[in-house]
DNA sequence: GAAAAAGTATGATAATTATCATATTTCGGA
DNA sequence: TCCGAAATATGATAATTATCATACTTTTTC
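Residue numbers (my numbering), protein chains in the order written: chain A, -8 to 136; chain B, -8 to 136.
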């Protein structure tokens, strides 16, 4: 479903969301220890996310990665977009370029309902909402169902 | 979602379903031409499917691949199972080994509803049903929705 | 019963993805 | 103002996946 890179990125951002803000930053090293993601690989992913303003970073001593309020407002989908690009999730399940509702591939109708729900969820739920859900662990429903 | 190999396998089996039976077989070469799947790669996939009795084959002149009635009764899921194994589709979206309803990963509740629907569909719809649906192109609904 | 047409088996190459390593830049504090 | 701690940039290696090639076996047909 997601690439390894996206899985790592999602995991890392979720941790950042629940444990950092402008005043409490996290170094790659600590995030790596905590999440079991290889340090150098994680660093690369965080750099990409930072470059695209999905997460924030400050260099130097006392520096590290963290999420601003703005970062938190971004949809979860944005993380995947930056790391994997849009094609992987959006494209036809059989990899056909010209598959759509009018000209569906054999599996289109079979797979699309689930896919649509998933995409809708990823695009509409913000990082903040996801993290909040985790902290409260309250009842929770998928938008669109 | 699916691996390239699974996509190819699905495409190929769908074609076999709509165009072959015990009396009308298809050679790898022709399937390859028709589906635009590299011949040698397709051959390897069909061999795997054949070895696991998902599709049928006869050697020699006038031979080729085809689907029996038994083959057609198999769930679509079986194709993916043979090619990709079960782990890829069933495992946690973040790749955690011990993720489940009691001990869910951060994305579990977010992704699981769509995933459950998809898996349910793949496991309950037979190859025959999928092919029949294509031929008739009639209204169609996903079981479980 | 030999020849050719098919699948079968096995392994080699290429491309992509995951992982690691190293040098560079920036910033805070002594 | 200079040292060290952090992110940043870039590129090298390893592992996996996709693709290709070749030799072997089976079976039909003449």
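Even for Gly, the Cβ is constructed at its ideal location relative to N, Cα and C.
As the structure is a prediction and not an experimental result, all values here were calculated from the model.
**Study point:** Top-ranked residue by Cα proximity to residue 25 (chain A), from A:99, A:39 and A:6
**Key:** A:6
Practice item. Spatial neighbours of residue 66 (chain B) within its chain, please: CB distance less than 8 Å, with the 5 preceding and 5 following residues excluded, ordered by chain position. Key: 113, 114, 115, 116, 117 and 118
Review point. Could one say the Cβ of residue 97 (chain B) lies closer than 7 Å to chain A's Cβ atoms, at least one of them?
Key: yes
Exercise for review: Could you tell me whether the segment 5 to 23 of chain A touches the segment 51 to 62 of chain A, where touching means 3 or more Cβ pairs closer than 8 Å?
Suggested key: yes
Check your understanding: Is residue 86 (chain A) close to chain B, meaning its C-beta is less than 7 Å from at least one C-beta of that chain?
Key -> yes
Review point. What are the complete beta strand (DSSP E) segments, minimum 3 residues, inside the segment 22 to 101 of chain A?
Key: 47 to 49 and 55 to 57
Exercise for review: With residue 3 (chain A) as the anchor, note down where its alpha helix (DSSP H) starts and where it stops.
Suggested key: It spans -5 to 10 - the alpha helix (DSSP H) in which residue 3 (chain A) sits, taken as one unbroken run.
**Study point:** the segment -8 to 3 of chain B: positions lying closer than 8 Å to chain A by Cβ
**Key:** -8, -7, -5, -2, 1 and 2
Practice item. Check whether the Cβ atoms of residue 80 (chain B) and residue -2 (chain A) lie closer than 7 Å to each other. Key: Not in contact: residue 80 (chain B) and residue -2 (chain A) (Cβ atoms no closer than 7 Å).
Check your understanding: Can you give the beta carbon distance from residue 74 (chain A) to residue 23 (chain A), rounded, assuming they're within the 8 Å contact cut?
Key -> So it is not a contact: roughly 17 Å between Cβ atoms.
Check your understanding: Which residue from B:21, B:32 and B:122 puts its Cα closest to that of residue 101 (chain A)?
Key -> B:122
Review point. Does the separation of the CB atoms of residue 41 (chain B) and residue 31 (chain B) fall below 7 Å?
Key: no
Review point. Hey, is residue 112 (chain A)'s beta-carbon within less than 7 Å of any beta-carbon in chain B?
Key: yes
Review point. Which residues in the same chain as residue 110 (chain A) place their Cβ atom closer than 8 Å to its Cβ, once the five residues preceding and following it in sequence are excluded?
Key: 68, 80 and 81
Check your understanding: CB-CB under 8 Å to residue 45 (chain B), same chain, minus the five flanking residues each way: which ones, in chain order?
Key -> 4, 62, 65, 69, 70 and 73
**Study point:** Which listed residue (A:54, A:105, A:33 and A:36) has its alpha carbon closest to that of residue 12 (chain A)
**Key:** Residue 12 (chain A) has its Cα closest to that of A:54, out of A:54, A:105, A:33 and A:36.
**Study point:** Chain-ordered neighbours of residue 109 (chain A) on chain B, where CB pairs are closer than 9 Å
**Key:** 101, 102, 104, 105, 106 and 109
Check your understanding: Along chain B, in chain order, which residues have C-beta atoms closer than 9 Å to that of residue 121 (chain A)?
Key -> Scanning chain B for C-beta atoms nearer than 9 Å to the C-beta of residue 121 (chain A) yields 97, 98 and 101, reported in chain order.
Check your understanding: Are residue 105 (chain B) and residue 105 (chain A) touching if we call contact CB-CB under 7 Å?
Key -> yes
Review point. What residues from chain B crowd round residue 5 (chain A), counting only those whose CB sits closer than 7 Å?
Key: 97
Point to revise | Reference residue 103 (chain A), options A:93, A:83 and A:89, closest by Cα | key: Comparing Cα positions, the closest option is A:83.
Point to revise | Beta bridge counterpart(s) of residue 117 (chain B) as assigned by DSSP | key: For residue 117 (chain B), which the question treats as bridged, DSSP gives the partners B:66.
Review point. Which bits of chain A does residue 116 (chain B) rub up against, with CB to CB less than 8 Å?
Key: 101
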